[in-house]
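> Structure incoming, see below.
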Amino acid sequence: MRISDIEKPSVHYFQGNFAPVQEEHSNVLCTEVIGTIPDSLKGSFLRIGANPVFVSSEDAYHPFQGDGMIHQVRFEEGKAFYYNRFVETEGHLAEQEHGDVIWDGLNTNPELAAKYDFSKNIANTHMVFHAGMFLALQEAAYPFQLTLPNLDPVGEVDYSGKLVNPYSAHPKIDPRTGELIGNGYSVVQPPYCSVTVVDKEGQLSHTTTVDIPRPVMMHDCAITENYTIVLDLPCVFDFERMAQGKSMLHFDESNGARFGLLKRGENGDQIKWFDVATCYCYHTVNAYEEGDWVVVDGCRSERNSIGDEEKPAPGDRSDLPMLYQWRFNLETGKVVEKALDKEWGCEFARINETWIGAKYRYSYAARIAGDTLESGFDGIIKYDMETGDSSHYPYGEGRLGGEPIFAPKPDGQNEEDGWVIGFVRDEKLGRSECIIIDAADFEAGPVARIVMPARVPFGFHSAWV
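This is the structure we're talking about:
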């Protein structure tokens, strides 16, 4: 069934600004600008997300399985140009030719899918530019390369067949070495976790497996100058539940929660594990070394009811991600945990990526409007990680947004020399905007609000190239 043929969709993800768009655009000049686009802002702001074309039924759809679509704003000489395009993987093109859904998650028709010698790579979660390659990422598949700025498909990247597992959605580029470091995980069979290093030339230079007892959703990782941090947390994949007609993915506290610190270049059996209080962390913010300590900051919730039948009751904030810090002593094994913000929920926190893996001061997070992620993002919080202070930019009534990104100034010397950029949807005015905030003058709000020539649905992650 083609989603555009559904006259009155009943599912939340097909309504309002969650609804997918089908029209593509290329190099469209954005003519309406409130404020002034900085002349020195040159590059592309990109945001990826799930944008399904076909579904077997409305109830069967989950947003993690929608086709990838990238929305791009290219900045040049004080002007902005808009692009959006599907990530044209083999699976996406096969379904376009077939005229209906082929791969539908757990509802996939095996006889139909068996006609193809590949599975669908939806490439809808995150993006990274490394070793001259712009890659769309999704943790159940290999990276998918595209051209810039036109977003033409190049194909999957398996690093000469050396990848052990599907690749991470959130690898990190080490600014000191130019290496791309990430984890991968398998849901079906061990090894359930792997750690991979790709050198600055784009060659896979090191890979190792890490022994964990069960398959878990290991959505993100973190790095320091010398360590890769993997998160073994209790969002587990359980095939017995699936056989009972329940969600395969659920939060199981009996799994425990721990962080693994693996020194760069070492094998997985040398990893050091640190138990932490039961929690879930979709996304880390950054990590760094401080003497004998490794410090990890992330957006942490007490639990994650993603696949559970019972959802949190009104007022229950146990699912709400909030800024948090873990400290691990490499010599004594001691763990120190603390909440960095006990008031506001936040997600999708980003930094000036020149400071990845190093002690840093500022992060920029999407502010959660209510007690759960489903509330949406009603502003951006700038955190001062040194003083504990925070500044808020609320979008305003009837306006919601997504993940902000930090775009460094070309001549910037300090950590906050740059712009914070993001998409905002104004439901009252029925339009989408791209906002630009000077990070060093955050409380002043946007220096420019660019009206998009088409609706930009809510999505997942952003990149600056």
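The sequence shown maps to residues 104 to 568 in the numbering used here.
Beta carbons are placed, not taken as given, at the ideal position from N, Cα and C, and that holds for glycine.
1. Which one of Lys182, Tyr496 and Pro424 has the shortest CA to CA distance from Phe66?
2. Considering only DSSP beta bridges, list what Ala429 is partnered with.
3. Please classify Lys223 as buried or exposed, where buried requires at least 16 other C-beta atoms within 10 Å of its C-beta.
4. Between Tyr465 and Glu393, how many whole angstroms is the CB-CB distance? I'm expecting something under 8 Å.
5. In three-state terms, what does DSSP make of Asn120?
6. Following a CB-centred definition, is Ile483 positioned closer than 8 Å to any heavy atom of the ligand HEM?
7. Give the list of continuous beta strand (DSSP E) stretches no shorter than 3 residues that lie fully inside the stretch 271 to 321.
8. Expressed to the nearest angstrom, what Euclidean distance is found between the alpha-carbon atoms of Tyr219 and Gly418?
9. To which residues of the same chain is Val136 closer than 8 Å at the C-beta, ignoring the five residues directly before and after it?
10. Would you give the residue range spanned by the beta strand (DSSP E) that Arg177 belongs to?
11. Using a Cβ-Cβ cut-off of 7 Å (strictly less than) and excluding sequence neighbours within five positions of Cys449, which residues of its own chain qualify?
12. Buried or exposed for Gly171, going by 16 or more other Cβ atoms inside 10 Å?
13. Could you give the residue range of the beta strand (DSSP E) that holds Gly194?
14. Could you check where the alpha helix (DSSP H) with Phe545 kicks off and where it finishes?
15. In terms of alpha-carbon separation, which member of Pro274, Gly521, Lys531 and Arg150 lies closest to Ile140?
16. Taking buried to mean at least 16 other C-beta atoms within 10 Å of its own C-beta, is Lys275 buried or exposed?
17. Under the DSSP definition of a beta bridge, which residues are partnered with Gln248?
18. Taking 9 Å as the threshold (C-beta atoms), are Gly359 and Thr387 in contact?
19. Identify which residue in Pro549, Thr312 and Val190 has its Cα closest to the Cα of Pro497.
20. Check whether the stretch 199 to 207 touches the stretch 143 to 153, counting contact only when three or more Cβ pairs, one atom from each stretch, lie closer than 8 Å.
21. Would Tyr262 pass as a contact of Leu336 if the rule is Cβ separation under 9 Å?
22. Once DSSP output is grouped into helix, strand and coil, what is the label at Pro497?
23. With DSSP as the reference, label Glu393 as helix, strand or coil.
24. Quick check: the Cα distance between Tyr516 and Asn455, rounded to an integer number of angstroms?
25. Measuring straight from C-alpha to C-alpha, what distance separates Val397 and Ile459?
26. Taking the continuous alpha helix (DSSP H) assigned at Met345, which residues delimit it?
27. What would DSSP say about Ile137, mapped onto helix, strand or coil?
28. First and last residue of the alpha helix (DSSP H) that includes Ala216?
29. I believe Met104 touches Val190 by the beta-carbon criterion, under 8 Å. Please report the beta-carbon distance rounded to the nearest angstrom.
30. From Val523, Tyr295, Cys384 and Thr331, pick the residue whose C-alpha is nearest to that of Val267; which is it?
31. For His581, count neighbouring Cβ atoms within 10 angstroms of its own Cβ and tell me buried if that reaches 16, exposed if not.
32. Using CA atoms only, rank isn't needed, just tell me which of Met320, Leu433 and His309 is closest to Cys384.
33. By the 10 Å Cβ neighbour count, where 16 or more other Cβ atoms means buried, how is Glu242 classified, buried or exposed?
34. List the residues that DSSP assigns as beta-bridge partners of Leu364.
35. Name the DSSP bridge partner or partners of Pro112?
36. Tell me the rounded alpha-carbon separation between Pro293 and Asp314.
Walking through what the data contain:
1. No statement about residue 66 is possible, as the shown extent of the chain runs from 104 to 568 and does not include it.
2. Here residue 429 is taken as the residue at index 326 of the sequence shown, counted from 1. The identity of residue 429 in the sequence shown is Trp, whereas the question assumes Ala. Beta-bridge pairing links Trp429 to Val399 and Glu440.
3. Translated into positions along the sequence shown, residue 223 becomes position 120. Per the 10 Å Cβ criterion, buried.
4. For this step, residue 465 is matched to residue 362 along the sequence shown. For this step, residue 393 is matched to residue 290 along the sequence shown. Their Cβ separation, rounded to whole angstroms, is 17 Å, which puts Tyr465 and Glu393 out of contact at 8 Å.
5. Start at 1 with the first residue of the sequence shown, and residue 120 comes out as number 17. DSSP places Asn120 in helix when its eight states are reduced to three.
6. In the structure on display, the ligand HEM does not appear, and there are no ligands present to speak of.
7. Taken in chain order, the unbroken stretches of beta strand (DSSP E) that lie wholly in the stretch 271 to 321 and span 3 residues or more are 283 to 288, 296 to 301 and 307 to 313.
8. For the purposes of this step, residue 219 is identified with residue 116 of the sequence shown, where counting begins at 1. For the purposes of this step, residue 418 is identified with residue 315 of the sequence shown, where counting begins at 1. If I take the Cα positions, the gap works out to 47 Å.
9. On the sequence shown, position 33 is the one that residue 136 refers to. Closer than 8 Å at Cβ, skipping near neighbours: Ala183, Ala551, Arg552, Ile553 and Val554.
10. As a first step, residue 177 is located in the sequence shown; it is residue number 74 there, counting from the start. From DSSP, the beta strand (DSSP E) with Arg177 extends over Gly171 to Glu179.
11. If you number the sequence shown from 1, residue 449 lands on position 346. Correct list, in chain order: Cys402, Pro424, Met425, Leu426, Ala468, Ala469, Arg470, Ile471 and Ile484.
12. As a first step, residue 171 must be located in the sequence shown, where it is residue number 68. Gly171 should be labelled buried.
13. The count along the sequence shown starts at 1 and reaches residue 194 at position 91. First-last for Gly194: Glu193 to His201, but that is the alpha helix (DSSP H), not the beta strand (DSSP E).
14. Counted from its first residue, the sequence shown places residue 545 at position 442. Here Phe545 belongs to no alpha helix (DSSP H), and DSSP marks it neither H nor E.
15. Position 37 of the sequence shown, counted from the first residue, corresponds to residue 140. For the residues Pro274, Gly521, Lys531 and Arg150, the minimum Cα distance to Ile140 belongs to Gly521.
16. One-based indexing of the sequence shown puts residue 275 at position 172. Flag for Lys275 reads buried.
17. Within the sequence shown, the letter at position 145 stands for residue 248. Looking at the DSSP assignment, Gln248 forms a beta bridge with Leu238 and Gly258.
18. Mapped onto the sequence shown, residue 387 falls at position 284. Mapped onto the sequence shown, residue 359 falls at position 256. No, they are not a contact pair.
19. The sequence position of residue 497 within the sequence shown is 394, counting from 1. That would be Pro549, whose Cα lies nearest to the Cα of Pro497.
20. no
21. If you number the sequence shown from 1, residue 262 lands on position 159. If you number the sequence shown from 1, residue 336 lands on position 233. No.
22. As a first step, residue 497 must be located in the sequence shown, where it is residue number 394. If DSSP states are grouped into helix, strand and coil, Pro497 belongs with the strands.
23. Reading the sequence shown from its first residue, position 290 is the one you call residue 393. It is a strand residue.
24. Here residue 516 is taken as the residue at index 413 of the sequence shown, counted from 1. Here residue 455 is taken as the residue at index 352 of the sequence shown, counted from 1. Residue identity check: residue 516 is Gln in the sequence provided, not Tyr. If you take the alpha carbons of Gln516 and Asn455, they lie about 12 Å apart.
25. Locating residue 397 in the sequence shown gives position 294, counting from the first residue. Locating residue 459 in the sequence shown gives position 356, counting from the first residue. Rounded to the nearest angstrom, the two C-alpha atoms are 14 Å apart.
26. Taking the first residue of the sequence shown as position 1, residue 345 is located at position 242. The continuous alpha helix (DSSP H) containing Met345 extends over residues Phe342 to Ala346.
27. Start at 1 with the first residue of the sequence shown, and residue 137 comes out as number 34. Correct three-state label for Ile137: strand.
28. For the purposes of this step, residue 216 is identified with residue 113 of the sequence shown, where counting begins at 1. Per DSSP, Ala216 belongs to the alpha helix (DSSP H) from Pro213 to Ala216.
29. In the sequence shown, residue 104 corresponds to position 1, counting from 1. In the sequence shown, residue 190 corresponds to position 87, counting from 1. Their Cβ separation, rounded to whole angstroms, is 21 Å, which puts Met104 and Val190 out of contact at 8 Å.
30. Here residue 267 refers to the residue found at position 164 when the sequence shown is read from its first residue. Closest option to Val267, Cα to Cα, is Tyr295.
31. The structure shown has nothing for residue 581, since the chain only spans 104 to 568.
32. Reading the sequence shown from its first residue, position 281 is the one you call residue 384. When only C-alpha atoms are compared, the closest one is Met320.
33. Mapped onto the sequence shown, residue 242 falls at position 139. Classification of Glu242: buried, given that the 10 Å Cβ count is 16 or more.
34. Here residue 364 is taken as the residue at index 261 of the sequence shown, counted from 1. BP columns for Leu364 point to Ile332 and Lys375.
35. Position 9 of the sequence shown, counting from 1, holds the residue named residue 112. According to DSSP, which records beta bridges pairwise, Pro112 is partnered with nothing at all.
36. Along the sequence shown, one-based indexing puts residue 293 at 190. Along the sequence shown, one-based indexing puts residue 314 at 211. If you take the alpha carbons of Pro293 and Asp314, they lie about 8 Å apart.
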